[in-house]
Amino acid sequence: MKLLRTFFYFHLPFAILLFAISGCATTPLVPSAGYLPHFNVIELGNLKFVSVNELCARLDLTYRWDSFSKRLILNRGKENIVVAVGSSYALVNDKIEDIKYPIRLSDGMVVIPYEFAQKLGYMFQESLKEVSIIPKKEFLFGINTVILDPGHGGKDPGAIGKTGLKEKDVVLDIAKDLKDILSSKGLNVVITRGSDEFISLPERVKIANDNKGDLFVSIHTNASRAKMARGLEVYYLSEVAEYDNEVKEDMNWNSYNSTKDNSMSPSSYLDEILQELMLTVNRYDSIKLANNVADSIAEKLFIRNRGIKRAKFFVLKGAKMPAILIEIGFITNRFEEKNLKNSYYRRMIVEAIAEGITEFRERYKEVSIN
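Residue numbers 1 to 370, in my numbering, belong to the letters of the sequence shown in order.
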């Protein structure tokens with residue numbers, strides 16, 4: 001059972017597709033005698049790849065990209081090839097092909113193993129073209145859409161500081177400024193709430209999925225009964241939740257709510273968020289994104305970095321994209337509450353998060369799957 005679950009986790013984009021087709025067997029492509037197509041080689045480590053843009057241009061293939069599952073569907077006429085970033089299997093005319101090592105992203109392009117490209121060359125050899133200039137722009141599959149999720153809102157104030165500062169107001173202000181900065185960098189940015197309104201967790205997930213986000217960033221402030229608890233935490237999705245001891249002790253603490261009948265406690269809200277999210281192939285990217293953002297914030301604001309932690313984000317249940325939840329500081333710490341009230345400090349947070357996201361975006365273009 002554990003082995004089967006591991007297969008599904010690391011080949012999730014293909015798992016349903018492969019087993020849904022009854023009677024399929026692993027069938028190698030058979031090369032034509034004496035024919036050996038050649039493609040330009042992209043070397044990543046000690047492995048050889050071919051860009052899908054060259055493959056499509058030379059074999060006259062059309063494509064459809066699914067950003068949720070990172071699947072690329074290539075076709076010409078009745079011929080269909082389906083590949084997925086991170087998977088070492090392909091579907092060629094409804095037959096499973098073992099392509100030895102995984103499809104990857106390099107410089108924003110999908111690249112496939114060189115030997116598999118040659119086999120496809122055999123398949124379409126009658127139309128193999130010599131192409132001097134490969135159109136690159138339309139084949140970029142990098143980070144284009146970011147979903148920003150300012151926590152709480154409306155009847156749910158989130159955590160409330162000693163002087164009355166509300167989490168919902170702080171994170172909304174930060175998310176709106178962050179949207180402006182990321183948009184100026186050419187990203188399409190969608191915000192789950194743009195005003196002081198209550199948006200349920202399922203609604204937030206629907207917004208992320210409907211807009212086909214490439215990244216999901218949920219923004220919160222932390223809270224603790226320990227008055228000196230301070231610093232930054234960033235959570236990424238995982239099967240197993242991992243909490244800081246100070247946060248763990250507060251799981252049933254409700255004292256920060258001014259209207260208990262109509263709002264959720266910081267701890268119960270966090271507990272609900274950190275539940276029931278399946279592990280997906282996006283976990284690796286989520287960890288990299290979490291590290292980029294945490295390092296950027298800690299360096300820019302000289303804030304204590306409490307580390308990257310595993311969590312089960314309910315808010316992302318069903319979302320198929322790298323996802324993180326940022327706790328930008330403890331609103332219950334009087335020093336950090338004072339900072340969070342300061343517009344300049346908030347702007348520094350915004351710039352740091354933006355830098356972390358853009359750095360991840362650039363690295364993602366280079367190689368996203370190791």
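The C-beta atom is built at its ideal place from N, Cα and C for all residues, glycine as well.
In angstroms with no decimal places, state the Cα-to-Cα distance between residue 181 and residue 174.
-> Sequence index remark: in the sequence shown, residue 181 carries index 181 (1-based). Sequence index remark: in the sequence shown, residue 174 carries index 174 (1-based). Each residue's Cα considered, the two are about 11 Å apart.
Express the C-alpha separation of residue 310 and residue 110 in angstroms, rounding to a whole number.
-> Counted from its first residue, the sequence shown places residue 110 at position 110. Counted from its first residue, the sequence shown places residue 310 at position 310. Taking the straight line from one Cα to the other gives about 29 Å.
For residue 195, which of 154, 230, 183 and 187 has the nearest alpha-carbon?
-> As a working mapping, residue 195 is identified with position 195 in the sequence shown. Comparing Cα-Cα distances from residue 195 to each of 154, 230, 183 and 187, the minimum goes to 154.
Between the CA atoms of residue 74 and residue 358 - distance to the nearest angstrom | Here residue 358 corresponds to residue number 358 of the sequence shown, with the count starting at 1. Here residue 74 corresponds to residue number 74 of the sequence shown, with the count starting at 1. Distance between the alpha carbons of residue 358 and residue 74 is about 30 Å.
Alpha carbon to alpha carbon, how far is residue 283 from residue 325?
-> Within the sequence shown, the letter at position 283 stands for residue 283. Within the sequence shown, the letter at position 325 stands for residue 325. CA-to-CA, the gap between residue 283 and residue 325 works out to about 13 Å.
Exposure label - residue 259; buried when at least 16 CB within 10 Å | In the sequence shown, the residue the question calls residue 259 occupies position 259. The predicted model places residue 259 with a pLDDT of 34, which falls under 50 and marks its position as unreliable; any figure quoted below should be read in that light. When all chains shown are included, residue 259 counts as exposed.
Report yes if the C-beta distance between residue 308 and residue 292 is below 8 Å; otherwise report no.
-> As a first step, residue 308 must be located in the sequence shown, where it is residue number 308. As a first step, residue 292 must be located in the sequence shown, where it is residue number 292. No. Outside cutoff.
Can you give me the Cβ contacts of residue 350 inside the same chain, cut-off strictly under 8 Å, excluding the 5 residues immediately before and after it?
-> Here the question's residue 350 lines up with position 350 in the sequence shown. Same-chain partners within the cutoff: 174, 177, 178 and 181.
Taking the C-alpha atoms as reference points, what is the distance between residue 295 and residue 151?
-> Indexing the sequence shown from 1 puts residue 295 at position 295. Indexing the sequence shown from 1 puts residue 151 at position 151. So the alpha carbons of these two residues sit roughly 22 Å apart.
Which first and last residues belong to the alpha helix (DSSP H) in which residue 180 is found?
-> Numbered from 1 along the sequence shown, position 180 holds the residue referred to as residue 180. It spans 167-184 - the alpha helix (DSSP H) in which residue 180 sits, taken as one unbroken run.
With a CB to CB cut of under 6 Å and the five nearest residues on each side skipped, what residues in its chain are close to residue 252?
-> Working through the sequence shown from its first residue, we reach residue 252 at position 252. Note that residue 252 scores a pLDDT of 37, beneath 50, so its modelled location is shaky; the value from the coordinates is reported in the next line. The answer is none, since no qualifying residue turns up.
Inspect the beta-carbon positions of residue 47 and residue 101 and report whether they are closer than 8 Å.
-> Counting from one through the sequence shown, the residue named residue 47 turns up at place 47. Counting from one through the sequence shown, the residue named residue 101 turns up at place 101. Their beta carbons are under 8 Å apart, which means residue 47 touches residue 101 by this criterion.
Mind checking residue 254: buried by the 16 CB within 10 Å criterion, or exposed?
-> For the purposes of this step, residue 254 is taken as the residue at position 254 of the sequence shown. Its pLDDT being 35, under 50, residue 254 is placed unreliably in this model, and the coordinates cannot settle the point.
Can you tell me which of 361, 229, 363 and 289 puts its alpha carbon nearest to the alpha carbon of residue 336?
-> Here residue 336 refers to the residue found at position 336 when the sequence shown is read from its first residue. Of 361, 229, 363 and 289, the residue nearest in Cα terms is 229.
Roughly how many angstroms lie between the CA atoms of residue 371 and residue 219, to the nearest whole one?
-> Because the chain here runs from 1 to 370, residue 371 falls outside it and cannot be looked at.
How about residue 216 and residue 143: do their beta carbons lie closer than 8 Å?
-> Translated into positions along the sequence shown, residue 216 becomes position 216. Translated into positions along the sequence shown, residue 143 becomes position 143. The answer is no: Cβ separation not under 8 Å.
Member of 56, 103 and 352 whose CA lies at the smallest distance from the CA of residue 86 = By 1-based counting over the sequence shown, the position of residue 86 is 86. When only C-alpha atoms are compared, the closest one is 103.
How many whole angstroms separate the CB atoms of residue 331 and residue 159, which I take to be in contact at a CB cut-off of 8 Å?
-> For the purposes of this step, residue 331 is identified with residue 331 of the sequence shown, where counting begins at 1. For the purposes of this step, residue 159 is identified with residue 159 of the sequence shown, where counting begins at 1. The Cβ separation is near 5 Å, so the contact holds.
Kindly list the residues whose CB is nearer than 6 Å to the CB of residue 61, restricted to its own chain and excluding five residues on each side of it in sequence; keep chain order.
-> Residue mapping note: residue 61 aligns to position 61 of the sequence shown, counting from 1. Cβ within range, chain order: 74 and 76.
Residue 31 by DSSP, collapsed to three states: which one?
-> Residue numbering aside, residue 31 sits at position 31 when the sequence shown is read from its first letter. Residue confidence is low: residue 31 scores 47 on pLDDT, short of 50, so the model does not pin down where it sits. Its coordinate-derived value is still stated next. Reduced to three states, the DSSP call for residue 31 is coil.
Specify, as a first and last residue, the run of the alpha helix (DSSP H) that residue 119 falls within.
-> For the purposes of this step, residue 119 is identified with residue 119 of the sequence shown, where counting begins at 1. Residue 119 -> alpha helix (DSSP H) spans 114-123.
Just the Cα atoms here: how many angstroms apart are residue 286 and residue 95?
-> The sequence position of residue 286 within the sequence shown is 286, counting from 1. The sequence position of residue 95 within the sequence shown is 95, counting from 1. Cα-Cα distance, rounded: 32 Å.
Inter-residue Cα distance where the pair is residue 353 and residue 188 | Position 353 of the sequence shown, counted from the first residue, corresponds to residue 353. Position 188 of the sequence shown, counted from the first residue, corresponds to residue 188. Each residue's alpha carbon lies about 16 Å from the other.
Cutoff 8 Å: residue 182 Cβ touching any chain B Cβ = In the structure shown, chain B cannot be found, because there is only a single protein chain.
Go ahead and label residue 202 buried or exposed: buried means 16 or more other beta carbons lie within 10 angstroms of its beta carbon, across all protein chains shown.
-> As a first step, residue 202 is located in the sequence shown; it is residue number 202 there, counting from the start. Result: exposed.
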